[in-house]
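Just so you know, we're using the working numbering here: the sequence shown kicks off at 411 and counts up by one.
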Amino acid sequence: MTEKDLYEKIKKLKGIKPSQEWTNLTRHNLTTRIDFDTRFDVRPSFLSWLKEPQALALAMSLLLIFIGGPWLTIKASQPSLPGELLYSVKKASEGIQTTVASEENKTNLQVEFAHRRLEELNKISKDSSSDEKTEKTKQVVNDFEHNLAGISQYVGNASKEQAIEVAKNTKKIKEDLDNMPAEVKDELAEAEKTIE
Numbered sequence: 411m412t413e414k415d416l417y418e419k420i421k422k423l424k425g426i427k428p429s430q431e432w433t434n435l436t437r438h439n440l441t442t443r444i445d446f447d448t449r450f451d452v453r454p455s456f457l458s459w460l461k462e463p464q465a466l467a468l469a470m471s472l473l474l475i476f477i478g479g480p481w482l483t484i485k486a487s488q489p490s491l492p493g494e495l496l497y498s499v500k501k502a503s504e505g506i507q508t509t510v511a512s513e514e515n516k517t518n519l520q521v522e523f524a525h526r527r528l529e530e531l532n533k534i535s536k537d538s539s540s541d542e543k544t545e546k547t548k549q550v551v552n553d554f555e556h557n558l559a560g561i562s563q564y565v566g567n568a569s570k571e572q573a574i575e576v577a578k579n580t581k582k583i584k585e586d587l588d589n590m591p592a593e594v595k596d597e598l599a600e601a602e603k604t605i606e
């Protein structure tokens, strides 16, 4: 077969008409495919990522890490003592609480922090060795005096009812001071004068 013969046969193919059945089937397949493609070619909406479980899990994990992480760290730092890793987090969270609190609540916060310092002193006097005990006790006593100074500073701005409540709470602090071990009482002598 020569090239000329091939060319003639191709010309004859142009004259062949497809059957009506084949034309209808092909037309139907093409329109179905076009409908299918346009249905999934819709632009994604802003919240379309929520339909995919992996994206939703990632978003929830990030939310948990960025919100729950700091909260858990602060909660984990509450029982820490001076010299421990999370004690600075505990002190920083107390500072933030004091800064954010209203003027009426600052006095109560300082009373609460003073109670915490006394609890820390009790733990230190029971648990630590003598070298660590002296250093940690000095730090806690210094913080305790700072809390007592904060109480006296903020009580001037408090209402009469709050001043009475603070007086009751400082009386409890005084009772707690009287129950402290003898070795810690020497360190707290100046702090006791602040309460009186």
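Glycine is no exception: its CB is placed at the ideal position from the N, C-alpha and C atoms.
It should be emphasised that the depicted structure is a prediction, and the values quoted were computed from it without experimental measurement.
Grab the span of the alpha helix (DSSP H) containing residue i for me, first residue to last.
i, result
"Gln488", "It is not in any alpha helix (DSSP H) - Gln488 carries neither H nor E in the DSSP assignment."
"Ser471", "463–473"
"Ile420", "413–424"
"Lys584", "570–588"
What distance in whole Å lies between the Cβ atoms of residue j and residue i, which are believed to be in contact at a cut-off of 8 Å?
i, j, result
"Asp586", "Leu528", "5 Å"
"Glu522", "Ala568", "Contact flag wrong, Cβ pair sits at about 15 Å."
"Lys546", "Ile534", "5 Å"
"Ala559", "Val565", "At roughly 11 Å, the Cβ-Cβ gap does not stay under 8 Å, so Ala559 and Val565 are not in contact."
"Lys516", "Thr508", "6 Å"
"Met590", "Leu531", "6 Å"
"Phe554", "Ala524", "6 Å"
"Ser471", "Ser487", "So it is not a contact: roughly 23 Å between Cβ atoms."
Report yes or no: is there a C-beta of chain E within less than 7 Å of the C-beta of residue i?
i, result
"Ile506", "Here there is only one protein chain, and chain E is not present."
Requested in this report: Would you list, in sequence order, the uninterrupted beta strand (DSSP E) runs of no fewer than 3 residues that lie entirely inside the segment 478–559?
Outcome: none
Query raised in the report: Counting Cβ pairs closer than 8 Å, one from the segment 472–481 and one from the segment 489–497, do we hit at least three?
Result: no
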